[in-house]
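S.K.:
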Amino acid sequence: MNTPTEASQTAAPSLAVFLRQNMREYGILIALVVIMVFFQIITGGVLFRPVNLTNLVLQNSFVVIMALGMLLVIVAGHIDLSVGSIVAIIGAVAAVMMVNYKIDPWTTSLVCLILGGVIGAAQGYWVAYHHIPAFIVTLAGMLIFRGLTLWLLGGMNIGPFPSEFQKLSTGFLPDLFNMGSLHSTSIILTVAIPALLVFLSWRSRKLNESHGIEVEPFAFFLAQNAVLVAVMLYLGYQLSTYKGFPNILVIMGVLIAFYTFVTTRTTIGRRVYALGGNEKATRLSGINTERLSFYTFINMGVLAGFAGLIVAARLNSSTPKAGNGFELDVIAACFIGGASTTGGVGKITGAVVGAFIMGVLNNGMSIMGLGIDFQQMVKGLVLLAAVVFDLYNKQKS
Amino acid sequence: MSTNVILEMRNITKTFPGVMALRDVSFSVEEGEIHALCGENGAGKSTLMKVLSGVYPHGTYDGEIHYNGELKTFGSIRDTEEEGIIIIHQELALIPMLSIAENIFLGNEVAKGGVINWAEATRRTSELLAKVGLKENPSTLITHIGVGKQQLVEIAKALSKKVKLLILDEPTASLNESDSNALLDLLLEFKKQGLTSIIISHKLNEISRVADKITVLRDGATVETLDCHAEKISEARIIRGMVGRELSDRFPKRVPHIGETIFEVRNWTAYHPLHADRKISNAINLNVKRGEVVGIAGLMGAGRTEFAMSVFGRAYGRKISGEVLINGKPADVSTVERAIRSGLAYVTEDRKQLGLVLINNVMHNTTLANHKAVSKNFVIDEHVERKAANEYRQKLRIRTPSIYQDVVNLSGGNQQKVVLAKWLFANPDVLILDEPTRGIDVGAKYEIYTIVNDLVAAGKAVIFISSEMPELLGTCDRIYVMNEGAVVAEMPVAEASQENIMGAIMRSGEKV
Chain A
415 MNTPTEASQT
425 AAPSLAVFLR
435 QNMREYGILI
445 ALVVIMVFFQ
455 IITGGVLFRP
465 VNLTNLVLQN
475 SFVVIMALGM
485 LLVIVAGHID
495 LSVGSIVAII
505 GAVAAVMMVN
515 YKIDPWTTSL
525 VCLILGGVIG
535 AAQGYWVAYH
545 HIPAFIVTLA
555 GMLIFRGLTL
565 WLLGGMNIGP
575 FPSEFQKLST
585 GFLPDLFNMG
595 SLHSTSIILT
605 VAIPALLVFL
615 SWRSRKLNES
625 HGIEVEPFAF
635 FLAQNAVLVA
645 VMLYLGYQLS
655 TYKGFPNILV
665 IMGVLIAFYT
675 FVTTRTTIGR
685 RVYALGGNEK
695 ATRLSGINTE
705 RLSFYTFINM
715 GVLAGFAGLI
725 VAARLNSSTP
735 KAGNGFELDV
745 IAACFIGGAS
755 TTGGVGKITG
765 AVVGAFIMGV
775 LNNGMSIMGL
785 GIDFQQMVKG
795 LVLLAAVVFD
805 LYNKQKS
Chain B
13 MSTNVILEMR
23 NITKTFPGVM
33 ALRDVSFSVE
43 EGEIHALCGE
53 NGAGKSTLMK
63 VLSGVYPHGT
73 YDGEIHYNGE
83 LKTFGSIRDT
93 EEEGIIIIHQ
103 ELALIPMLSI
113 AENIFLGNEV
123 AKGGVINWAE
133 ATRRTSELLA
143 KVGLKENPST
153 LITHIGVGKQ
163 QLVEIAKALS
173 KKVKLLILDE
183 PTASLNESDS
193 NALLDLLLEF
203 KKQGLTSIII
213 SHKLNEISRV
223 ADKITVLRDG
233 ATVETLDCHA
243 EKISEARIIR
253 GMVGRELSDR
263 FPKRVPHIGE
273 TIFEVRNWTA
283 YHPLHADRKI
293 SNAINLNVKR
303 GEVVGIAGLM
313 GAGRTEFAMS
323 VFGRAYGRKI
333 SGEVLINGKP
343 ADVSTVERAI
353 RSGLAYVTED
363 RKQLGLVLIN
373 NVMHNTTLAN
383 HKAVSKNFVI
393 DEHVERKAAN
403 EYRQKLRIRT
413 PSIYQDVVNL
423 SGGNQQKVVL
433 AKWLFANPDV
443 LILDEPTRGI
453 DVGAKYEIYT
463 IVNDLVAAGK
473 AVIFISSEMP
483 ELLGTCDRIY
493 VMNEGAVVAE
503 MPVAEASQEN
513 IMGAIMRSGE
523 KV
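Protein sequence lines correspond, in order, to chains A and B.
Residue 746 in our numbering sits at position 332 of the first sequence, and the numbers go up by one each step.
Residue 214 in our numbering sits at position 202 of the second sequence, and the numbers go up by one each step.
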C-alpha cells in the first residue's frame, strides 16, 4: 500500500517516487515480460510463434478463469482447495449428460454451471454460517468430489463430445471478411481493443484531473500506454496470422473486465475487501459478512464449473484425473499476483498476470524439453520468490 | 514491620505516540508489605507495572528502577522473573487446553536435556497447590476449573518461580465475593511469610482491607502515598485522591435544548455468549431525548459495552430480551443492518479491532457503513464518494495527507475521528459513543467533545459511555450509573459528582 511521502502532497510526483510506490504492481508485470523474453530467446523464438501463443491461451484459460474467483475467496480471507475436484466432477457430469443421455450442449452447460454454484454454496454454507475454516471444508470437498467423479465415470474416460461443445475450447472467432492470410475479425479487434483501452484511461485521467485528483506523471502515462498498446498489437497480430482469436480468449477477456469492475467499482467488491481486512469491523458496519463469504464461494463454484466445461471440451473426454492439482496453480497465481494470505489485499489484474506467469513457465519449459520434475521445482521457487519480494517491500515501507 | 525498601522507581516517564502515559512517577515499596495502586482507568497503573516487570524494556522509558538497592536495567520479562518480580495480568495467561502442572512449569519445565520429568513436576505442583490452598489434581485441564481457581494457579505459578515481589493487576475483577475473600486471605498469609506484593484494584473495600500503603495515580502522575497504619483511610479519602482534579475549561460549553424522547430501552436483559447462565445486562431501562447527551458511568467490566453492543444489532450476548423504541415506536434492532436503518449507530471502544479496516484508506473506511449514499445499483460513484470523504475529513479535522492514506498510518486520535466520520456519514438519530476518547491526547479529546456538542445541537441524541468521570460530568446532561450489568443509579448532571457516582457503584457492590 502507499506510504506517506512528500510526493503525495505535491501535484506531480516524480517518476522515481511513483515507481517506488507502485513497485508491487509493476514488478510483477515486469517479471512476466522478463520471463517471456527469456523463454523467447532460449527457445529460439518458438514462444511467440502464432501457433504456440494460441496454445498458451488455450492451456491457461481455465487457470485464469478460476483465479478470478479464487482471488475473491482469498481476499475475503478464505481459501478453496476443491476447485480441481469441481473441474473433474463437472466434466464428468457433462460427459454423462451429453454422451450417455444425448442432452444438448447448451442445456448441459447451463446445468453444469448451476451445479458448480450449488457445490460452491454447499461448501460456503459451512464456512460462512458455521465458521468452519475454509481449509478444512474445501479439503473435504476436494476428496468428496474427486471420489464422486471416480464413481460417476466408473474409472473410465467418457467421450467424445458433440463438435458444438468442443468449440468452447477449440473454436475460433468466425472470419468475417477475406483478408488473405490474416484473420479479419481478429485483426479488427487487435486494433479496436487497445484503442478503446487507451481512450478509457485517457478519459479517466482527464476526469480525475478536473476533480483535482493526483494522477501519475504524464510521461509515465504515455510510456505505460505505449508499451501496453505495442504488446497488445504484437500479440494480436501474431494470433491473427494463425487461426485468429480463440473463443475462449474473448470469454476470458470479458470475464477479466467484469471482475475488475466488480472488485474496483462496486459495493460488493468493496465489501469483500473490507471483510478480509477486518471481519468484525465490517460486520459492525451493518454489512452481512456471512452472506458475503457465502457468495464468494458460490461464485468460485460457478467459475470452477465453467473451467470444468472448458477442460472437458479441450480434452474431448472426461477423465477421472481431470483437474488434478489445478487448485495449487490457481492459488499460486493469486499469491504471485500479490494477494495476501491473511485477506483484504489482492487485485484481479495481479491474479491474471500471476496465472500467465505460471502458464508461460509451464509452456516455456515444456518447449525446452524440461521434465515435469524440473518444472515443479521452478514454479515452487517462483512462488516463494514472489512472496519474499512482497515481504521485503512491506518491511521497507 | 521492616523498613527495608525493596523497590524504588524514580522519575519514570513513559510516552506512547501522542500520549504521555506516565509523567515523572516515583514509587517505592518496602519489603514485606502489601502496597495498593489506585487510580482511574487510564491513570497509568498498568503502564507503571509493565515498566517494572520488563514488558516495556529498559530504554523505552525514562527514569530509574532500583531493586534491592541496585540500579536495574531489565530487558525483558525473563530478566525480572529471574529477580523474583512476577506479574499476574488481569487477563490470565494460562493455556486452557493444558493441565495445571503443564501451565505452572510452562517455559520453566522440570526437564533434563529437553525430557520432562513428569513425576517430579507433578510432585512439585501438588506442593505448590497445597500452599495456595487449591485442591485439584495437577493433571486437570485449566479449562475445567473456574476463574477463581485459575487465579490461584497463576499464584502457584508465581511461587514456582521463587517470587519475591508479586504484582497482581485487578486480581479479583472477575471473581465472586467468596473467591475474592479467599484470594485476599492468601495474600495476607503470604505477607506473614515475608512476601511483598503490589495490588492494583478498583475495589476500594478490598484495598482498605489488605493494604499497608496506598499510592494514588492520576493522569499518569503520582498524587500521594497513604499509610494505612498511620491513619484510618476511608474509601472517600481514596476516591478524593483518585478524582480530585478541577473541571476547568477542558470541555466546550453547550446550552442544552432538550426535546422529546427519541430512544428508549425497556427491560433489556442479555446473557453471556459463552456462560449461558451469566447475565451481562440485567433488566436495563434507559432513555435519551433529542438534543441530549446521556452518560453511562461505571467501572471497567460494569457491562456497559456489552449492553450497548447487545442493543446494536445483537452484536454481543445471547438470549436477549427487552424492547427498543425509537420515536415512541418499537424498532427492529435484531441485526446491525436493521439497527443502522432504525437510526442507531455505535462507535466502538476498540477502534482497531472493531471500528476500522486498518489496511483500507480513510475514504473507504468513511463510507463503509453507508454505501447506499455513494452508489447506484451497486456501482460506487467515486466522485461522490471522494467528495463525501473530503467533507468529513474537513468537518472532523482528520489530520491525514490525503483521504487515500491507509488508516493504519494515522495517530490514535485521528483514527478515532475516522470511526466517528464513518458513523456520522451513516446519519444516525442516536449515536452511542463507547469510550470515544480512550488513548487519545487532550487536544483531540476537546475536538471530540465539540463534535458531540454539534451533534446534539443538530437535534440528535448521544449516549456517552466513559470510564473517565470528569469527562461525563463535563459533557453530559444526565448520567446513568451501571455496575455488574445493571443500572444502579440515574442522576441529572447538576446532582452528579464523582463522589456520588463512585458511591453508587460501591453501595451496589456491597449489596451483592
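Idealized CB from N, CA, C, for every residue including glycine.
Note that the coordinates shown come from a computational prediction; the quantities given were computed from them, not determined experimentally.
1) Give the interface partners of Ile682(A) over in chain B, defined as CB-CB distance under 7 Å, in chain order.
2) Specify the secondary structure class of Thr92(B) as computed by DSSP and reduced to three states.
3) Under 8 Å between beta-carbons, which chain B residues line up against Lys694(A)? List them in chain order, please.
4) Of all the beta strand (DSSP E) runs that stay within the bounds of the stretch 25-50 of chain B, which reach a length of 3 or more residues?
5) Should Lys434(B) be flagged as near chain A, meaning a C-beta pair shorter than 9 Å?
6) Does the beta carbon of Arg316(B) come closer than 9 Å to any beta carbon on chain A?
7) Within the stretch 704-771 of chain A, note down every full alpha helix (DSSP H) run reaching 4 residues or more, in order along the chain.
8) Does any CB atom of chain B fall closer than 9 Å to the CB of Gly752(A)?
9) Taking 9 Å as the cut-off, decide whether the C-beta atoms of Thr273(B) and Asn299(B) are in contact.
10) Evaluate contact between the stretch 735-747 of chain A and the stretch 488-499 of chain A, counting only Cβ atoms and requiring at least three cross-stretch pairs below 8 Å.
11) Assuming Val442(B) and Gly355(B) make a contact with CB atoms under 8 Å, what is their CB distance in whole Å?
12) Use the C-beta contact count for Ala827(A): other C-beta atoms within 10 angstroms, 16 or more gives buried, fewer gives exposed.
13) How should Pro37(B) be labelled, buried or exposed, when 16 other C-beta atoms within 10 angstroms of its C-beta is the threshold for buried?
14) By the 10 Å Cβ neighbour count, where 16 or more other Cβ atoms means buried, how is Val766(A) classified, buried or exposed?
15) Cβ atoms of Leu177(B) and Ile210(B): under 9 Å apart, would you say?
16) Considering only C-alpha positions, which residue in the set Ala554(A), Gly751(A) and Leu797(A) is nearest to Tyr440(A)?
17) On a CA-only basis, which of Phe749(A), Leu723(A), Arg619(A) and Thr763(A) is nearest Phe579(A)? Give me that one, please.
18) Using a Cβ-Cβ cut-off of 9 Å, state whether Arg398(B) counts as contacting chain A.
19) Beta-carbon separation of Leu238(B) and Arg249(B) under 9 Å?
20) Could you work out which residues of chain A lie near His383(B), taking near to mean beta carbons separated by less than 8 Å?
21) Does the beta-carbon distance from Asn661(A) to Leu587(A) come in below 9 Å?
22) Is it buried or exposed for Val127(B), if we count other Cβ within 10 angstroms and need 16 for buried?
23) So, is the C-beta of Leu698(A) closer than 9 Å to a C-beta in chain B?
24) Does Ser293(B) come out as helix, strand or coil in the three-state DSSP assignment?
25) For His78(B), does the three-state DSSP call read helix, strand or coil?
26) Kindly give me the distance between the Cβ atoms of Asn807(A) and Met437(A), rounded to whole angstroms, as I take these residues to be in contact under 8 Å.
27) To the nearest angstrom, report how far apart Gly424(B) and Gly719(A) are at their CA atoms.
28) For the alpha helix (DSSP H) containing Leu610(A), list its first residue and its last residue.
29) Let me confirm a value: Val386(B) is counted as buried when at least 16 other C-beta atoms fall within 10 Å, else exposed. Which label applies?
30) Closest Cβ-Cβ distance between Val374(B) and chain A: below 9 Å?
31) From the beta carbon of Arg353(B), is the nearest beta carbon of chain A less than 9 Å away?
32) For the putative contact between Gly757(A) and Gly690(A), defined by C-beta atoms under 8 Å, what is the C-beta separation to the nearest angstrom?
33) Between which residues of its own chain and Gly555(A) is the CB-CB distance below 6 Å, once the five residues before and five after are set aside?
34) Within 10 angstroms of the Cβ of Leu557(A), are there 16 or more other Cβ atoms? Answer buried if so, exposed if not.
35) With a threshold of 9 Å between beta-carbons, can Asn702(A) be considered close to chain B, or not?
36) Which two residues bound the contiguous alpha helix (DSSP H) that contains Glu403(B)?
M.R.: In brief:
1) Here residue 682(A) refers to the residue found at position 268 of the first sequence. Near Ile682(A) (Cβ distances below 7 Å), the residues of chain B are Phe390.
2) To locate residue 92(B), count along the second sequence from 1; it is residue 80. Here Thr92(B) sits in helix by DSSP.
3) The residue labelled residue 694(A) in the question sits at position 280 within the first sequence. By Cβ distance, chain B contributes Gln365 and Leu366.
4) Runs of the beta strand (DSSP E) inside the stretch 25-50 of chain B: 31-42 and 46-50.
5) By 1-based counting over the second sequence, the position of residue 434(B) is 422. It does: the Cβ of Lys434(B) has a partner Cβ on chain A nearer than 9 Å.
6) Numbered from 1 along the second sequence, position 304 holds the residue referred to as residue 316(B). No - not a single Cβ of chain A is within 9 Å of the one on Arg316(B).
7) The DSSP assignment places complete alpha helix (DSSP H) segments of no fewer than 4 residues inside the stretch 704-771 of chain A at 740-750, in order along the chain.
8) Indexing the first sequence from 1 puts residue 752(A) at position 338. Contact of Gly752(A) with chain B is not assigned, every C-beta pair being separated by 9 Å or more.
9) If you number the second sequence from 1, residue 273(B) lands on position 261. If you number the second sequence from 1, residue 299(B) lands on position 287. The answer is yes: Cβ separation under 9 Å.
10) Two segments are said to touch when three or more pairs of C-beta atoms, one from each, lie closer than 8 Å; by this definition the stretch 735-747 of chain A touches the stretch 488-499 of chain A.
11) Translated into positions along the second sequence, residue 442(B) becomes position 430. Translated into positions along the second sequence, residue 355(B) becomes position 343. Confirmed, about 6 Å.
12) There is simply no residue 827(A) to check, as chain A begins at 415 and stops at 811 in what is shown.
13) Your numbering for residue 37(B) matches position 25 in the second sequence. First, the residue type needs correcting, since residue 37(B) is Val and not Pro in the sequence shown. Under this definition Val37(B) is a buried residue.
14) Start at 1 with the first residue of the first sequence, and residue 766(A) comes out as number 352. Under this definition Val766(A) is a buried residue.
15) For the purposes of this step, residue 210(B) is taken as the residue at position 198 of the second sequence. For the purposes of this step, residue 177(B) is taken as the residue at position 165 of the second sequence. Yes; because the gap between Cβ atoms is below 9 Å, this pair is in contact.
16) The residue given as residue 440(A) occupies position 26 in the first sequence. Measuring from the Cα of Tyr440(A), the nearest candidate turns out to be Gly751(A).
17) Residue mapping note: residue 579(A) aligns to position 165 of the first sequence, counting from 1. Considering only alpha carbons, the answer is Leu723(A).
18) Translated into positions along the second sequence, residue 398(B) becomes position 386. Interface with chain A (9 Å Cβ-Cβ cutoff): Arg398(B) is included.
19) The count along the second sequence starts at 1 and reaches residue 238(B) at position 226. The count along the second sequence starts at 1 and reaches residue 249(B) at position 237. Yes, Cβ-Cβ distance for Leu238(B) and Arg249(B) is below 9 Å.
20) Taking the second sequence and counting its residues from 1, the one referred to as residue 383(B) is at position 371. By Cβ distance, chain A contributes Thr681, Arg684 and Arg685.
21) Here residue 661(A) refers to the residue found at position 247 of the first sequence. Here residue 587(A) refers to the residue found at position 173 of the first sequence. For Asn661(A) and Leu587(A), yes; Cβs fall inside 9 Å.
22) Position 115 of the second sequence, counting from 1, holds the residue named residue 127(B). Its Cβ having fewer than 16 others within 10 Å, Val127(B) is exposed.
23) Stepping through the first sequence from its first residue, residue 698(A) is reached at position 284. For Leu698(A), the nearest beta carbon of chain B is closer than 9 Å to its own beta carbon.
24) By one-based count along the second sequence, residue 293(B) stands at place 281. Here Ser293(B) sits in strand by DSSP.
25) The count along the second sequence starts at 1 and reaches residue 78(B) at position 66. His78(B): strand per DSSP, three-state reduction.
26) Sequence index remark: in the first sequence, residue 807(A) carries index 393 (1-based). Sequence index remark: in the first sequence, residue 437(A) carries index 23 (1-based). Rounded, the Cβ-Cβ distance is 6 Å, consistent with contact.
27) Taking the second sequence and counting its residues from 1, one reaches residue 424(B) at position 412. Taking the first sequence and counting its residues from 1, one reaches residue 719(A) at position 305. Taking the straight line from one Cα to the other gives about 47 Å.
28) Your numbering for residue 610(A) matches position 196 in the first sequence. Looking at the DSSP string, the run of the alpha helix (DSSP H) that includes Leu610(A) is Ser598 to Ser624.
29) The residue given as residue 386(B) occupies position 374 in the second sequence. Burial call: buried.
30) On the second sequence, position 362 is the one that residue 374(B) refers to. For Val374(B), the nearest beta carbon of chain A is not closer than 9 Å to its own beta carbon.
31) Along the second sequence, read from residue 1 onward, the residue named residue 353(B) stands at position 341. So, interface residue.
32) For the purposes of this step, residue 757(A) is identified with residue 343 of the first sequence, where counting begins at 1. For the purposes of this step, residue 690(A) is identified with residue 276 of the first sequence, where counting begins at 1. Contact between Gly757(A) and Gly690(A) holds, since their C-beta atoms are separated by about 3 Å, short of 8 Å.
33) For the purposes of this step, residue 555(A) is taken as the residue at position 141 of the first sequence. Result list for Gly555(A): Ser496 and Gln537, in chain order.
34) The count along the first sequence starts at 1 and reaches residue 557(A) at position 143. Under the 10 Å beta carbon count, Leu557(A) is surrounded by fewer than 16 other beta carbons and is classified as exposed.
35) What you label residue 702(A) is simply residue 288 of the first sequence in a count that begins at 1. It does: the Cβ of Asn702(A) has a partner Cβ on chain B nearer than 9 Å.
36) Mapped onto the second sequence, residue 403(B) falls at position 391. Per DSSP, Glu403(B) belongs to the alpha helix (DSSP H) from Glu394 to Lys407.
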